[in-house]
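Novice: Got a structure for you, written out below as structure tokens; questions coming shortly.
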Amino acid sequence: MNPIKSDAKKKSAQLERTAGFENSLIHSDVHSGLPDLQRTAGKASAFDKWLMRTMLQKLGNPEIEIVLWDDSVITTSISSPSIRIYIHQRSTLYKLLIDPSLYFGEGYSQGTIEVEGSLVFLNEAINRCMPSINAKHFYRDGIRGCLRWLSRNTIDAARNNVHHHYDIGNDFYKLWLDQQLAYTCAYFSDPKKSLEAAQIAKMDHVCRKVGLKPGDTVVEAGCGWGALALHMAKNYGVRVKAFNVSHEQIIYARERAKAEGLSDRVEFLEDDWRNITGNFDSFVSVGMLEHVGLKNYEELGNVISRCQKLEGRGLIHSIGCNSPRVLDSWTTKRIFPGAHVPSLSEMMRIFESQKFSILDVENLRLHYALTLEHWLQRYEQNIDEVRGMFDENFVRTWRLYLSASIASFRTGSLQLFQVVFTNGGNNEIPWTRDKLYQTE
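Remember, my numbering sits 10 above the position in the sequence shown when you count from 1.
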């Protein structure tokens with residue numbers, strides 16, 4: 011079996027150095043010490059090879075090589091691939107035909123699929139080919155979209171979905187997030203900023219967008235571990251009510267508020283956004299909309315309308331996409347059950363029914379790619395601790411999730427929208443963006 015060509019490896023390394031991370035994001039799983047794999051015995055048939063070649067063509071001929079269980083090498087790329095995928099079982103190959111996203115993720119996590127080269131580059135290679143193919147048909151998005159529409163993201167369902175991802179242990183997230191456990195896109199006014207500084211800059215960016223001033227009241231829907239709520243109270247002199255259905259996050263946030271002497275200015279409620287009551291100067295939601303469910307967007311608009319004052323400004327920060335689509339099946343099964351990444355047209359369902367005015371839309375896509383690069387680098391640096399907490403399947407699942415996310419934001423498969431809005435009749439709005447980009 012021939013090794014991957016050295017010039018392709020150099021190209022991969024150059025791309026990683028351009029991002030400022032040297033080779034820290036390149037991880038080869040081949041012969042990585044996993045238990046012996048049950049490789050399919052015998053030769054791959056002509057049909058097996060044809061099937062694999064056909065799937066590569068359906069993917070748009072990405073620059074990758076496939077190595078089957080009998081060491082047969084298959085590629086449809088006209089250039090020298092820098093990534094090699096090993097498929098160890100015939101059954102895995104056939105499952106890929108049913109749902110490529112789901113069964114690639116499952117196969118990779120279980121070790122029946124291994125990758126030589128960068129997982130980030132692999133996902134980038136595939137994503138770049140996707141616009142040229144009928145992805146909706148190939149990934150059965152139509153069927154899955156119908157099934158998703160029939161399901162309801164009720165309060166109980168939302169709580170279970172959040173528990174699946176966020177309540178797996180604060181100690182795990184402490185290994186690779188910043189010091190304040192901000193688990194959303196950072197803001198890099200300078201790409202050389204540290205992750206910690208960029209997360210603080212993101213919080214200030216949000217606070218300036220909604221025009222916070224001392225004495226204001228703010229409601230935050232989906233507060234994570236409390237970093238933004240505490241930052242608003244401490245640095246902008248406001249009072250905050252923050253809602254979250256994650257038990258572990260709320261307990262952590264309350265403990266931090268107490269330790270920092272902010273319990274009298276920030277109230278953390280373990281409750282769903284649908285139960286928000288009161289009247290506030292600003293509504294802020296950073297990284298929650300993905301979990302709301304498309305069917306609930308108008309209800310979210312109703313909640314905002316009844317709780318935000320006439321002169322108030324609101325902000326919703328969310329992962330999104332350029333046109334309506336269904337999130338891939340592996341991510342919704344293993345990482346974010348019940349999640350939906352909206353297009354801007356879908357987000358407008360929140361605002362149009364209430365006649366809100368949109369004041370500003372900013373896309374921080376590349377900021378999120380860089381944020382994820384920091385996370386993945388820290389994740390790999392602490393991989394032994396992660397393995398000790400969980401198992402190899404978990405290690406590989408989260409490596410794939412972080413790597414695929416970087417690729418999605420780099421290639422434009424995913425976007426990061428910040429939308430600022432107010433009531434339609436409010437004239438107390440910024441004349442220019444000058445204050446937003448004041449010296450930090």
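Don't be surprised by glycine CBs; every beta carbon is placed ideally from N, CA and C.
Per the DSSP calculation, Ala252 is bridged to which residue(s)?
Specialist: Position 242 of the sequence shown, counted from the start, is the residue given in the question as residue 252. DSSP lists Glu230 and Phe278 as partners of Ala252.
Novice: Go ahead and pull the three-state DSSP assignment for Arg94.
Specialist: Translated into positions along the sequence shown, residue 94 becomes position 84. Note: Arg94 maps to strand in three-state DSSP.
Novice: Given this structure, state the Cα-to-Cα distance separating Leu279 from His241, to the nearest angstrom.
Specialist: Along the sequence shown, one-based indexing puts residue 279 at 269. Along the sequence shown, one-based indexing puts residue 241 at 231. Taking the straight line from one Cα to the other gives about 17 Å.
Novice: With distances taken from CA atoms, which of Asn436, Thr432, Ser413 and Thr442 is nearest Leu382?
Specialist: By 1-based counting over the sequence shown, the position of residue 382 is 372. Of the listed residues, the one whose Cα sits closest to Leu382 is Ser413.
Novice: Looking at the unbroken alpha helix (DSSP H) that takes in Arg264, where does it start and where does it end?
Specialist: Position 254 of the sequence shown, counted from the start, is the residue given in the question as residue 264. Per DSSP, Arg264 belongs to the alpha helix (DSSP H) from His257 to Ala269.
Novice: Would you mind working out which of Tyr197, Lys203 and Gly225 sits nearest Asp214, comparing C-alpha positions?
Specialist: Reading the sequence shown from its first residue, position 204 is the one you call residue 214. Residue Tyr197 is the option with its Cα nearest to Asp214.
Novice: Does the distance from the CB of Trp186 to the CB of Asn403 come in under 8 Å?
Specialist: As a working mapping, residue 186 is identified with position 176 in the sequence shown. As a working mapping, residue 403 is identified with position 393 in the sequence shown. No, the Cβ-Cβ distance between Trp186 and Asn403 is not below 8 Å.
Novice: Assess contact between the stretch 330–342 and the stretch 312–321, defined as three or more Cβ pairs (one per stretch) separated by less than 8 Å. Is contact present?
Specialist: No contact exists between the stretch 330–342 and the stretch 312–321.
Novice: Which one or two residues does DSSP pair with Cys331 in a beta bridge?
Specialist: Residue mapping note: residue 331 aligns to position 321 of the sequence shown, counting from 1. The partner list for Cys331 (beta bridge, DSSP) reads Ser353.
Novice: How about Leu325 and Lys251: are their beta carbons less than 8 Å apart?
Specialist: Position 315 of the sequence shown, counted from the first residue, corresponds to residue 325. Position 241 of the sequence shown, counted from the first residue, corresponds to residue 251. Not closer than 8 Å, so no.
Novice: With a threshold of 6 Å on Cβ separation, who are the neighbours of Arg275 within its own chain once the five nearest residues in sequence on each side are excluded?
Specialist: Here the question's residue 275 lines up with position 265 in the sequence shown. Only Ala243 and Arg249 meet the Cβ criterion.
Novice: Where does Asn137 sit, in a helix, a strand or coil, going by DSSP?
Specialist: Counting from 1 along the sequence shown, the entry for residue 137 is found at position 127. The answer is helix: DSSP assigns Asn137 an H, G or I state.
Novice: Given a threshold of 16 other Cβ atoms within 10 Å of its Cβ, counted over all protein chains shown, does Glu438 qualify as buried or as exposed?
Specialist: Taking the first residue of the sequence shown as position 1, residue 438 is located at position 428. Exposed is the call here.
Novice: Between the stretch 290–305 and the stretch 259–278, can you find at least three pairs of beta-carbon atoms closer than 8 Å?
Specialist: Not touching, per the Cβ criterion.
Novice: Report the three-state DSSP secondary structure of Ile210 (helix, strand or coil).
Specialist: As a first step, residue 210 is located in the sequence shown; it is residue number 200 there, counting from the start. In this structure, Ile210 counts as helix in the three-state DSSP scheme.
Novice: Please classify Val125: does DSSP put it in a helix, a strand, or coil?
Specialist: The residue labelled residue 125 in the question sits at position 115 within the sequence shown. The answer is strand: DSSP assigns Val125 an E or B state.
Novice: Which word fits Tyr447, buried or exposed, when buried means at least 16 other C-beta atoms lie within 10 angstroms of its C-beta?
Specialist: In the sequence shown, residue 447 corresponds to position 437, counting from 1. When all chains shown are included, Tyr447 counts as exposed.
Novice: Under the assumption that Gln259 contacts Trp235 (Cβ atoms under 8 Å), give the Cβ distance between them as a whole number of angstroms.
Specialist: Taking the first residue of the sequence shown as 1, we reach residue 259 at position 249. Taking the first residue of the sequence shown as 1, we reach residue 235 at position 225. With 8 Å as the limit, Gln259 and Trp235 qualify as a contact, their Cβ atoms being about 5 Å apart.
Novice: Return the first residue and the last residue of the beta strand (DSSP E) that Asn71 is part of.
Specialist: Here residue 71 refers to the residue found at position 61 of the sequence shown. Where Asn71 is concerned, there is no enclosing beta strand (DSSP E), given that its DSSP letter is neither H nor E.
Novice: With burial defined as no fewer than 16 other Cβ atoms inside 10 Å of the residue's Cβ, what is the status of Phe366: buried or exposed?
Specialist: Position 356 of the sequence shown, counted from the first residue, corresponds to residue 366. Classification of Phe366: buried, given that the 10 Å Cβ count is 16 or more.
Novice: Return the CA-CA distance between Gly43 and Gln67, expressed in angstroms with no decimal places.
Specialist: As a position in the sequence shown, residue 43 is number 33, starting the count at 1. As a position in the sequence shown, residue 67 is number 57, starting the count at 1. Low local confidence applies: a pLDDT of 45 at Gly43 is under 50, so the model's placement there is unreliable, and no value is given.
Novice: Using the Cα positions of Arg443 and Lys212, report the straight-line distance between them to the nearest angstrom.
Specialist: Locating residue 443 in the sequence shown gives position 433, counting from the first residue. Locating residue 212 in the sequence shown gives position 202, counting from the first residue. Looking at the two C-alpha atoms, the distance is approximately 16 Å.
Novice: Between the C-alpha atoms of Phe2 and Phe131, what's the straight-line distance to the nearest angstrom?
Specialist: Only positions 11 to 450 of the chain appear in this structure, which leaves residue 2 out of reach.
Novice: Taking Ile84 as the reference, give the member of His98, Arg406, Trp60 and Asp109 with the closest Cα.
Specialist: Taking the first residue of the sequence shown as position 1, residue 84 is located at position 74. Answer by Cα proximity: Trp60.
Novice: If I measure Cβ to Cβ from Gln428 and keep anything under 6 Å in the same chain, skipping five residues before and after, which residues do I get?
Specialist: Position 418 of the sequence shown, counted from the start, is the residue given in the question as residue 428. Hits under 6 Å: His327 and Glu372.
Novice: Return helix, strand or coil for Thr341, following the three-state DSSP convention.
Specialist: Counting from 1 along the sequence shown, the entry for residue 341 is found at position 331. In the structure shown, Thr341 sits in a helix (DSSP, three-state: H, G or I).
Novice: Going by the DSSP bridge assignment, what does Ser292 pair with across the sheet?
Specialist: Looking up residue 292 in the sequence shown gives position 282. The partner list for Ser292 (beta bridge, DSSP) reads Val228 and Arg323.
Novice: Tell whether a beta-carbon distance below 8 Å holds between Arg344 and Thr407.
Specialist: Numbered from 1 along the sequence shown, position 334 holds the residue referred to as residue 344. Numbered from 1 along the sequence shown, position 397 holds the residue referred to as residue 407. Their beta carbons are under 8 Å apart, which means Arg344 touches Thr407 by this criterion.
Novice: Among Thr50, Ala54, Leu386 and Asp81, which residue has its Cα nearest to the Cα of Val405?
Specialist: As a working note, residue 405 is residue 395 in the sequence shown. When only C-alpha atoms are compared, the closest one is Leu386.
Novice: Are three or more beta carbon pairs between the stretch 89–96 and the stretch 112–127 nearer than 8 Å?
Specialist: Yes, the stretch 89–96 touches the stretch 112–127.
Novice: Along the chain, where does the beta strand (DSSP E) containing Val302 start, and where does it finish?
Specialist: As a first step, residue 302 is located in the sequence shown; it is residue number 292 there, counting from the start. Neither: Val302 is in no beta strand (DSSP E) and is coded neither H nor E.
Novice: Return the Cβ separation of Leu374 and Thr432 in integer angstroms, given the expectation that the two are a contact with Cβ distance under 8 Å.
Specialist: As a working note, residue 374 is residue 364 in the sequence shown. As a working note, residue 432 is residue 422 in the sequence shown. Contact doesn't hold; Cβ gap of about 21 Å is too wide.
Novice: So what's Ile314 in DSSP terms, helix, strand or just coil?
Specialist: Along the sequence shown, one-based indexing puts residue 314 at 304. Ile314: helix per DSSP, three-state reduction.
Novice: Using 10 angstroms around the beta-carbon of Gly247, count the other beta-carbons present and answer buried if the total reaches 16, otherwise exposed.
Specialist: Stepping through the sequence shown from its first residue, residue 247 is reached at position 237. Exposed, since its Cβ has fewer than 16 Cβ neighbours within 10 Å.
Novice: Between which residues of its own chain and Gly188 is the CB-CB distance below 7 Å, once the five residues before and five after are set aside?
Specialist: The residue labelled residue 188 in the question sits at position 178 within the sequence shown. A small fix is needed here, since residue 188 is Asp in this sequence, not Gly. Closer than 7 Å at the Cβ level, and outside the excluded window around Asp188, lie Leu205, Glu206 and Gln209.
Novice: Thinking C-beta only, is Ser82 closer than 8 Å to Glu73?
Specialist: For the purposes of this step, residue 73 is identified with residue 63 of the sequence shown, where counting begins at 1. For the purposes of this step, residue 82 is identified with residue 72 of the sequence shown, where counting begins at 1. No. Outside cutoff.
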